[in-house]
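Novice: Sharing a structure here in structure tokens format.
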Amino acid sequence: MAFTLPVPRVPFDDGSARWYRNELGWAAAEGPPVRLTTGLSFDVLGLPADAGRALLRHGVRTGPVARAGDGVLLLVAAGTAEELPSLLDWLEWGGIRLELSALGRGGSVPAPAPPGRAGAPPGAAVWLRPPKPGREVEPSLPAFGAPGRAGAGSGDDGGAPDLVRLVDAAANACHRARLMRTGAAGPHTRAQPLAFS
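Residue numbers are given in my numbering: position 20 of the sequence shown equals residue 10, and the series is strictly consecutive.
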């Protein structure tokens, strides 16, 4: 009788979940694929890929940004998902169909490979703007600016990007992308940007 060795088990995790937990303090579930839990340390705004690329091209201040599947994920302060509908209403985007979603408590997103690690399989989530390990990440996430708080709001003061400006820019990018995809803006606007901002 021939002695055979069993096929080695493929590990569920290449250490990514451990890295997210230890380096950033984020809740991460073993995979495959490894998933980051939303609603604890951060929430996620989801945009279609074309809208996300346009948003990033325009130099909008964001926190960490990942690409996953056909979308772009913007990491924002925890609690943002609950506030998004009222914020969109306040910004006068409430009656417009947007492909802007929010994921908060109880959700999860695919975890990109930690920054600096190569070998992500095709189609896997990747960081476009990775989090910076070795420091508190939550204070750098887009949040509502607190009056009088140093670093709140916009500018190059090192504080968190302003959530209101980010949501407005993301809604604008989603609306423009949808108009361009559906041709609702008309053929004469394809070569020229839309007039509103």
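Backbone N, C-alpha and C define an ideal beta-carbon position, used for all residues, glycine too.
Looking at A68: is its Cβ nearer than 8 Å to the Cβ of S91?
Specialist: Contact flag unset, no.
Novice: In chain order, what residues of the same chain have a beta carbon less than 7 Å from the beta carbon of G96, not counting five sequence neighbours either side?
Specialist: So the qualifying residues of the chain are G29.
Novice: DSSP state of V50, grouped into three classes?
Specialist: Three-state DSSP puts V50 in coil, outside helix and strand.
Novice: Is the CB-CB distance between L45 and A163 below 8 Å?
Specialist: Result yes, Cβ atoms of L45 and A163 sit closer than 8 Å.
Novice: Just confirm the distance between the C-beta atoms of P120 and P105, as a whole number of angstroms; I'd bet it's less than 8 Å.
Specialist: With a Cβ gap of about 4 Å, P120 and P105 count as contacting.
Novice: With C-beta atoms as the reference, is V62 less than 8 Å away from L156?
Specialist: Contact: no.
Novice: Please state if the CB of R11 and the CB of A18 are separated by a distance shorter than 8 Å.
Specialist: Contact: yes.
Novice: Cβ atoms of P102 and V116: under 8 Å apart, would you say?
Specialist: Yes, Cβ-Cβ distance for V116 and P102 is below 8 Å.
Novice: Given this structure, state the Cα-to-Cα distance separating W16 from I86, to the nearest angstrom.
Specialist: Rounded to whole angstroms, W16 to I86 spans 34 Å at the Cα level.
Novice: DSSP three-state call for R95: helix, strand or coil?
Specialist: Here R95 sits in coil by DSSP.
Novice: If A71 and D33 are in contact, beta carbons under 8 Å, what's the gap, nearest whole angstrom?
Specialist: 4 Å between Cβ atoms; contact.
Novice: Cutting at 8 Å between CB atoms, please list the residues of its own chain near P75, excluding the five before and the five after it.
Specialist: Closer than 8 Å at the Cβ level, and outside the excluded window around P75, lie G84.
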